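In this text, residue positions in the sequence shown follow the working numbering: the first is 141, and each later residue adds one.
Glycine included, each C-beta is placed from N, C-alpha and C at the ideal position.
All of these numbers come straight from a predicted model, not from anything done at the bench.
Read through the structure below, which is laid out as structure tokens, and then see the notes.
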Amino acid sequence: MENGSRFDEDEEEEVLPFEGLDKASALQECRVFNNTPLDEERSIQAMTQVLYLMSIGVRLTEAEATDVFFMSTKLMQSNHAKLRRLQYILMKELSPLVGESFMASNALMTDIKKKGDPDKSCAIRALYSVMDSSMYNSMDRTIVECMTSRNPNVVTAALVTGIHMSHTQPEMPRKWATQLNEVMRERAKAQYPAIALLHKIRNNDRLSVDRLIEDATTGRIRSSLAVCLVIKMCTELMQDDFSSSLGIYTFVVSMLHRSDMTAFEAAKSICSLRNVSDKELTPVVTMLQLYLSSQNPVLRFAAVFLISRISTAHPAAVAPINAELESLTLDSNRIIVTLAITCLLKTGTEGTIERLLTQLSSGSYMSDLGDELKLTIVDAMRVLNAKFPNKYETLLAFLFRALSDEGSSSLKQSVVDAMLDISKSNPNSNEVVLTHLAEFIDDCEFSQITKRVLMHLGEEVPNCANPRRFVRYVYNNATLEKPDVRAVAVTTLAKIAASVPTLRRSIVALLKRSCSDFDDEVRDRAVLYTKLFLHNDEVLVRTYVHDVAEAVSRHRQVVRSAQKAELTVGGGTTEGDVMAAALVASTNSASAGGLPLATPAILQGRDALRHVKQLRELGEPAKSTEPLLLTDADNEYVVSVTKHAYPAHLVLQFKVKNMMDALLFRNVLVVTDTEELEAEPLYAVPIESINPGETQYGYVVLRYEPGEFPSGEVRTTFRFSMAEAGEEGTPEDQDEYPMESFDVDVSDFISPINLGSEMDGKWKGQEANETAGTFALHSMKNLTEAAQQLASFFGMYIEGGVPEKITTASHVLRMAGVLADEAHTLVLVQAKVFIATDNRVALQLALRGGSAEVREYLANALLG
């Protein structure tokens, strides 16, 4: 009993404190904020629960976040230090979800102006999160006041907030030059964020970096972290133009003899330069050589780690210290030993390779290392192969052992790549490598690697002396559980059969077994290849199997040529015809602007539409979206939805796959709640039955007024009945399970089109058909967010792409798209987002093309 009790106690200690916590319980617990008197401990527990749920990805709605946010403001009356710090963090995390978070700014301002310092730094950080752009002027005064504080934490918080503000208000921090210089002189602990802010507002000023270098050289910059930041700035300048940065290089070299932190940062800086020579690396290697004999294992590790990086591209620079690296092979730290051996493999002689690899292969040496170190060793094999090609047998023997050991997907992929590199540079090793890879995928758990090896086998096996011995390995993968692997294995068998006619009969017999596969893609491939080989037409075999890549490339070129001819306006061709042809282009090929190819999933969905009589009457869809999963991928049934847009109809295509082993689904229907959409449900096409492992399609057809594209949320429910496979009759009981909802957006009815050099001409040509206006976007925090929201709403092609980060005071998006209407209307958009005089985000929007009603509808939908 005593042992059992001890076991139970151990089990309890391993349970996470919030395991099984749900959002509803955590939000209910937040009601404790309203208690009088305030219960500090329960309030701390409630805040911790909410923050934990947000950290693991649980999303709060705007109403839930707003409720918790304003309840938490009552906690500001407490003087409990821990509770107040946690409450500030909660406000920061919730503020992006709360539309009126700025209402808490007065209370935070009161905290900042208090005489005591404990809450000031936290309050400053929280204040920036809750304020909107119209309040930045008052924030400016607050930051300036806090920069003069005697508390370094308060000064640091003000500087960090200033860095955040500089993203949207780049001019504001320029006014703080006096205060920043004061901080640099008197606040050593705040020098790091002060230098970061200086660099932010003077990003293109090389002289400012020179002044910082002078301050670091003379010792005015006392913080080691701040000096490291100056070195990072120097690295940027040297990487841009090393030839004109020799003075900066001299400064960085002088930092090699400062504190340990500064010395290693300087060494890392020089090592990262692209065109650095062995001579310029000599001071770094000399400095690191001194640390190799340090008594501190952390310093030894840092030194040998940097030396390992240098040895990859500059082995000659490291070769003079091989004696010190040899001594590290007997170090007590396994990681240091491994890095030292890796360096010696890159810098040593041909005679030392076998001894070092034997040491690495001994016992469980490799299995005790982390994947990062194993990857470093595998990379060294590539260097050795290029340096000593005659040693490929020794290198392959080591890689074969590494491939059989436990490891992650990235490690196995790296080993396979290294083996393939060796086989390419040493043709004599090709068959040995193929044999080991074929044996490896027989028991490989990573499908991506298995597919990669199978494709390589399809290319190389026909060139082997005995290709028959590899057929069994390939066919073994054609019977695995994963359909994507089975599909690649079927194609690999076809490639071998196409190149080795003597094996064709036996491979066709194997392909026939896959013709009854449950997966559509595997079955279709097997049927195609079987009929192809039985037809005995070598031209077809060569075209559709052996030279399939070349055939696809030629086909794409023909399609592009036809599209260019169709896009030439003239001879009675209308603008609508041109836009229709452009849509075909965007569906079948990538344009010069990089439009994506139509994915197999979309093509497969469109093909399924043609098999339903009611849907054939609608014609071809004007726009189809990528499938969106409505269930988990490992569910008993997997459902995804594809939206097909027509000029007056929207077809929701539900792809349903039965993942059960022995049960079939009958009378399957996806019930949709389209109350939010301004669209009339016409009819649904249910699925009669779905066998185990089978995939079928169901449909819901909606009708809408032409030109008024519906948008809103669609809630879905999965309704079906289950029966044993082979059971007769239809069960009366039906089950219903809710699935994830999805949104229908305006972008679902717009196809992007890249007009290229014709954009300016089209824009000027539609000058008479324009709807324009200027609007305030108070809900947007910055220009980047506004631009990304615009791009997401319209779903059009954007010249230059969507900006990742906007640092200027304004930005213009030029977009082009074709509507899913009868005329295939071309719509052009020019949207300028900028900071208005009230420091808020504003939008200047101009739409051209189509009717005034369509343009007004799109503008109202965007701003509605």
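| task | Could you check what DSSP says for R199 in three-state terms: helix, strand or coil? | result | If DSSP states are grouped into helix, strand and coil, R199 belongs with coil.
| task | Give the straight-line distance between the Cα atoms of M194 and D207, rounded to the nearest whole angstrom. | result | 15 Å
| Reduced DSSP secondary structure (H/G/I, E/B, other) of D813 | It is a strand residue.
| field | 7 Å Cβ cutoff met for A356 and V349 | value | no
| Which one of F882, D660, E815 has the shortest CA to CA distance from N798? | D660
| task | Less than 8 Å between the CB atoms is what I'm expecting for E776 and M800, so what's the real figure, rounded? | result | 6 Å
| query | What does a CB cutoff of less than 7 Å around T492 pick up in its chain, not counting 5 residues either side in sequence? | reply | L484
| query | Which two residues bound the contiguous alpha helix (DSSP H) that contains I827? | reply | It is not in any alpha helix (DSSP H) - I827 instead sits in the beta strand (DSSP E) that spans 827–830.
| message | Taking the alpha carbon of V840 as the reference point, which residue from N566, V416, P821 has its own alpha carbon closest? | response | P821
| request: Keeping to the same chain, check which residues put their C-beta closer than 6 Å to that of L1002; ignore five residues upstream and five downstream. | output: F933
| task | Note down, in chain order, each residue of its chain lying with its Cβ closer than 8 Å to the Cβ of R592, except the 5 sequence neighbours on either side. | result | The residues are Q553, V556.
| said: Quick check on the DSSP output: the alpha helix (DSSP H) that includes P455 runs from which residue to which? | reply: Per DSSP, the unbroken alpha helix (DSSP H) holding P455 starts and ends at 455–458.
| Do V781 and F882 have their C-beta atoms closer together than 7 Å? | yes
| field | Coil, strand or helix - D875 by DSSP | value | strand
| said: Between which residues of its own chain and E180 is the CB-CB distance below 7 Å, once the five residues before and five after are set aside? | reply: S218, H220, L223
| message | Please identify the residue among V662, R645, R665, K652 whose C-alpha is closest to the C-alpha of N676. | response | R645
| DSSP-derived helix/strand/coil call for I264 | helix
| task | Label G957 either buried or exposed according to how many other C-beta atoms from any shown protein chain fall within 10 Å of its C-beta, with 16 as the threshold for buried. | result | buried
| field | L413, DSSP secondary structure in three states | value | coil
| G838 classed as buried or exposed, judged by whether at least 16 other C-beta atoms fall within 10 angstroms | G838 sits buried, since 16 or more C-beta atoms from the chains shown fall within 10 Å of its C-beta.
| message | Do I341 and R314 have their beta-carbon atoms positioned less than 7 Å apart in this structure? | response | yes
| query | Under the three-state reduction of DSSP, which class applies to T914: helix, strand or coil? | reply | strand
| query | Can you tell me the Cα-Cα spacing of D582 and Q588, whole angstroms? | reply | 14 Å
| H242 vs M279 beta-carbon contact at 7 Å | Note on identity: in this sequence residue 242 is Phe, with His being the wrong assignment. No.
| So what does DSSP say about Q906, is it helix, strand or coil? | coil
| message | By alpha-carbon positions, which one of Q379, M427, D381 ends up nearest to M395? | response | M427
| In this structure, what does DSSP give as the bridge partners for R756? | DSSP output for R756 lists no bridge partner at all.
| message | Looking at L968: is its Cβ nearer than 7 Å to the Cβ of G989? | response | yes
| said: Distance check for L930 and G387, CA to CA, integer angstroms please. | reply: 46 Å
| message | Using the three-state DSSP reduction, which class does H102 fall into: helix, strand or coil? | response | Any question about residue 102 goes unanswered here, given that the chain covers just 141 to 1004.
| said: Quick check on the DSSP output: the alpha helix (DSSP H) that includes K591 runs from which residue to which? | reply: 587–600
| Going by C-alpha distance, which of H964, D875, N922 is nearest I890? | Residue H964 holds the alpha-carbon nearest to the alpha-carbon of I890 among H964, D875, N922.
| query | DSSP three-state call for H784: helix, strand or coil? | reply | It is a strand residue.
| query | For E766, which option in Q744, V630, Q754, E757 has the closest C-alpha, if you only look at C-alpha atoms? | reply | Q744
| message | Taking 8 Å as the cut-off, does the stretch 842–849 touch the stretch 782–798 (at least 3 CB pairs, one atom from each stretch)? | response | yes
| request: Answer with buried or exposed for E512, where buried requires no fewer than 16 other C-beta atoms within 10 angstroms of its C-beta. | output: exposed
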